[in-house]
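One structure below.
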Amino acid sequence: MSTQETPSKPGEDTALLPESSAELAEAPSLSVWHFWATLGFSLVIGLVNGIAGILAVLAVIDLKLISNPNFNWTDYIFNSLGTQFNAVVVTSVIVSDIVSVAVIGGLILARRGATIKEYLALKPIPLKTIGQLIILTLGLIGVSALVDSFRNAPNPQTGPVYEGVWPVFVWFAVVAVAPVFEEVMFRGFMFQGFLRTRLGPALAIILPSVWWGLLHAQYGGFDRGVIMVLGLVLATVRLRTGSLYAPLVIHATWNLVSMIQVSFMT
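Residue numbers (the working numbering): 704 to 969.
This is how it looks when you write it as structure tokens:
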């Protein structure tokens with residue numbers, strides 16, 4: 704698979720190019736990890752994320768055992784983890800995602816010839832665009848809700864939502880930390896590495912989206928499919944705007960609305 708970058712021709716008007724071509728033409732010297740390196744490093748980042756999450760869980764359990772020697776940690780893990788927002792879930796998400804973003808930053812800096820800002824396309828977007836993205840997100844949520852109504856999808860679980868953790872940390876983890884990590888990973892690091900291949904935008908959009916959907920193993924097959932479709936939308940928005948902030952706005956808004964829904968329905 705070719706990993707050569709696409710150079711610009713002298714005098715070429717990049718304003719007339721699709722966003723991805725303009726991005727390549729304006730920064731032909733941007734040094735990115737090639738396909739196989741990006742793929743391999745992505746697997747490593749996923750492994751680091753998992754290990755960091757496990758270590759965070761063990762740390763929380765140790766603290767609880769110190770304060771309460773009779774603490775039933777097995778019941779806490781297997782009966783609560785994944786069903787409600789407790790200290791284990793929130794701590795695991797925050798710690799593992801922050802560590803993973805730091806690793807991605809290190810990998811980018813290790814690739815001489817690129818800055819983190821350039822590699823991840825951290826370009827400001829106009830307020831008008833932000834408003835349009837929020838409206839788009841609300842529309843997508845509406846379509847998703849309509850589809851769920853036809854397939855009789857179960858409502859979010861009832862009962863306690865927060866257990867042993869301040870709600871502000873839950874919102875911080877779900878609305879801020881998780882979207883930042885996932886966008887930096889899938890529409891940032893992976894997208895950039897796959898964009899500069901022979902398959903270009905097609906590979907950069909499809910592969911990270913499928914990967915992202917499959918990682919949400921806690922959901923059923925249909926919901927994972929919906930997540931993959933959302934990933935395609937996020938990657939396409941990233942391609943058209945040339946900024947990672949655009950899919951991040953959509954992702955954070957989606958999670959924010961979901962949290963509001965869960966809070967009102969439980």
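A virtual CB, placed ideally from N, CA and C, is assigned to each residue, including glycine.
Outcome for residue i when other beta-carbon atoms lying within 10 angstroms are tallied against a minimum of 16
i	result
LEU895	Residue 895 is actually Gln in this sequence, not Leu. Per the 10 Å Cβ criterion, buried.
VAL747	exposed
ALA905	exposed
TRP739	exposed
VAL873	buried
PHE892	buried
ARG890	buried
ASP778	exposed
GLY916	buried
PRO870	exposed
GLU729	Note on GLU729: pLDDT 44, under 50, position unreliable in the model; no value is reported.
ILE797	buried
VAL846	exposed
SER799	buried
TYR922	exposed
GLY743	exposed
LEU750	exposed
PRO829	exposed
LEU937	buried
Where the alpha helix (DSSP H) through residue i begins and ends
i	result
VAL735	From DSSP, VAL735 is part of no alpha helix (DSSP H); its letter is neither H nor E.
SER847	830 to 853
GLU821	819 to 822
PRO772	From DSSP, PRO772 is part of no alpha helix (DSSP H); its letter is neither H nor E.
SER795	790 to 813
GLY924	924 to 944
ALA881	881 to 885
VAL878	Premise fails: VAL878 is in no alpha helix (DSSP H) and is neither H nor E.
GLY916	903 to 918
Pairwise C-alpha distance: residue j and residue i
i	j	result
ALA920	VAL792	15 Å
LEU849	GLY842	11 Å
ILE953	GLY808	22 Å
ALA824	MET888	12 Å
PRO827	GLY903	24 Å
LEU836	LEU812	30 Å
ILE930	ASN771	40 Å
GLU715	TYR948	Confidence at GLU715 is low in this model, with a pLDDT of 39, below 50, so its placement is unreliable and the value that follows should be read with caution. Between GLU715 and TYR948, the C-alpha separation is close to 27 Å.
ASP765	VAL804	25 Å
VAL932	ASN773	46 Å
ALA669	THR939	No statement about residue 669 is possible, as the shown extent of the chain runs from 704 to 969 and does not include it.
PHE967	ALA790	21 Å
Contact test: residue i Cβ vs the ligand SAH heavy atom, cutoff 7 Å
i	result
GLU885	This structure lacks the ligand SAH; in fact it carries no ligand of any kind.
Three or more beta-carbon pairs under 8 Å between the stretch 812 to 819 and the stretch 731 to 751, yes or no?
yes
How about the stretch 898 to 915 and the stretch 752 to 760: do they share at least three Cβ pairs that are nearer than 8 Å?
no
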